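Here is the structure we will look at, set down as structure tokens.
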Amino acid sequence: THFIIGRDMAGTKSTITGDDFYGAYDAQETGKKFSSELGMTVTHYENMVYVGPEEGYVEESIAKGQGKKVAKLSGTEFRRLLRAGEDIPEWFAFKSVVDILRKAGDRAFC
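Counting in the working numbering, the sequence shown runs from 63 upward without gaps.
Right, dumping it as structure tokens:
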């Protein structure tokens, strides 16, 4: 009955300049537009960001509104750190998950 569409689910870098072709929430908006046809309610899911060990993860709009410093790690940088055997921040991924991904190697990212 419900379907979660996360931020940037339609994301692609398909322009010549590498710019996003779709906006971060375009997939959510399209899902909402067709929710009755799909027979389900599309649940809004805002981007979550890490603001430190005291609060952990909060919605991006709340962090911005409160002027919080946000820790970021892109998927590209995460894969680079994995391949290089470098430390992955524990706020980004559990050590047990990192160990499994390292063991799987590039097969984990097909």
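For each residue, glycine too, the CB sits at the ideal point set by N, CA and C. Quick caveat, the model's predicted, so the values are computed rather than measured.
- Residue pairing by DSSP leaves F83 without any beta bridge partner.
- In this structure, the beta-carbon distance from F65 to M102 falls below 8 Å.
- L144 is positioned such that its CB atom lies closer than 8 Å to that of R164.
- Distance between G93 and V104, taken at the CA atoms: about 6 Å.
- Around the C-beta of Y87, 16 or more other C-beta atoms lie within 10 Å, and the residue is accordingly described as buried.
- Between W153 and Y107 the beta-carbon gap is near 19 Å, outside 8 Å, which marks them as no contact.
- Within its own chain, the residues whose Cβ lies closer than 6 Å to the Cβ of Q90, once the five positions on either side in sequence are excluded, are I67, listed in chain order.
- Secondary structure at V104: strand, using DSSP grouped into helix, strand and coil.
- Within the DSSP bridge table, the entry for I66 names T105 as partners.
- In this chain, the beta strand (DSSP E) harbouring E121 covers 119-121.
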